[in-house]
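**Student:** Counting with this note's numbering, you get residues 268 to 567 for the letters of the sequence shown.
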Amino acid sequence: MPDLKQSLDTIETVVKTSYTCEGTSSWDCVLRSRQQGRPGAKTFIDLICDSFMELHGDRLYGDDPAMIGGIGMVGGRAITFIGNRKGANFKENVLCNYGMSNPEGYRKALRLAKQAEKFGRPVVCFIDTPGAYPGLGAEERGIGQAIAENLKVFSTLKTPVLCFIIGEGGSGGALGIGVGDKLYMLEHAVYSVITPEGFASILLRDPSKAKEAAEAMKMTSHHLKEFSVIHDIIPERSTEQTAQAIKETIIRDLDVLCNKPLDNLVRYRLKKIRGIGEVSGGKEWWQPLLEVFTKTQSLR
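Put into structure tokens, the structure is as follows:
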């Protein structure tokens, strides 16, 4: 047992230091978003809420520890909180699949969102996942259908929905709880359709080009704010200060959104979703992407 404990301690040390960085490039933001010890959904929920009651299970298969959800009180207002949970240490990382949810996690999120709609509670989602869990069991239990159902329901949910990307926002795993009236990102978070490693491996045929891929993908908060994919960027300070900034944003937005007619709220949300991807002006923004492709070998 001492040897096992020593091995676990060594792995924990490696995980904590392997993603440490001090720069400001796109790749540095990727490393920051993955850094062990970065505050996650549970940390922010505990700091933001006056009280919080976690709810479990999807009433179909089981409970997914990679997805946290429940009801919290913020300034006298009941709010349904949903978020990806990576875990605070190596053991919790393994338990939570590093934040990669199974279908039951997304069905739990859907159940809580529908419950919030029924009782007139707003929904706040914290996104921090490299993607949905890619295991065989997840595929057998319908991970694709579960995420698709969430996209459909969240886009027309008749209650305010606020989304915050607090770390990695990766692929459909992030989209499964990422459709809302307003979308915010922490300063060093990232948001993309695939990881840089996946982009480099599939499209560039060279996994070692992950850094170049990250720069070309325009996945940082500043890039996405420029493209109007997100509404605003929340600066990262200490954990408590960042949580306070998120709390103030939640209170400010809900004071406005909760007073809007529900039909107007849904129309605005759908209009915002359909507007994503419309780019005006020149084509300078995607020139770096083309340069990355020109450096790759022929695919023939």
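Glycine included, C-beta positions come from ideal geometry on N, C-alpha and C.
In three-state terms, what does DSSP make of residue 449?
**Tutor:** strand
**Student:** On the three-pair Cβ rule with 8 Å, is the stretch 431-442 touching the stretch 519-536?
**Tutor:** no
**Student:** Between the Cα of residue 384 and the Cα atoms of 293, 426, 458 and 401, which residue gives the shortest distance?
**Tutor:** 426
**Student:** Figure out for me which residue from 396, 417, 389 and 359 has the closest Cα to the Cα of residue 376.
**Tutor:** The residue with the shortest Cα to Cα distance from residue 376 is 417.
**Student:** When you compare each of 403, 396, 447 and 405 to residue 437 by their alpha carbons, which one comes out closest?
**Tutor:** 396
**Student:** Please name the residue in 533, 454, 353 and 315 whose C-alpha comes closest to that of residue 499.
**Tutor:** 454
**Student:** Specify the secondary structure class of residue 331 as computed by DSSP and reduced to three states.
**Tutor:** coil
**Student:** Would you tell me roughly how many angstroms separate the C-alpha atoms of residue 374 and residue 413, rounded to the nearest one?
**Tutor:** Cα-Cα distance, rounded: 6 Å.
**Student:** Which one of 332, 342, 457 and 445 has the shortest CA to CA distance from residue 400?
**Tutor:** A check of alpha carbon separations from residue 400 across 332, 342, 457 and 445 identifies 332 as the nearest.
**Student:** Can at least three beta-carbon pairs, one atom from the stretch 329-346 and one from the stretch 357-365, be found at a separation below 8 Å?
**Tutor:** yes
**Student:** Taking 8 Å as the cut-off, does the stretch 479-489 touch the stretch 454-466 (at least 3 CB pairs, one atom from each stretch)?
**Tutor:** Enough Cβ pairs lie closer than 8 Å, so yes.
**Student:** Please report the straight-line C-alpha distance between residue 371 and residue 471, rounded to a whole angstrom.
**Tutor:** 34 Å
**Student:** Am I right that residue 467 and residue 474 are in contact with their C-beta atoms under 8 Å? What's the rounded C-beta distance?
**Tutor:** 5 Å
**Student:** Where does residue 487 sit, in a helix, a strand or coil, going by DSSP?
**Tutor:** strand
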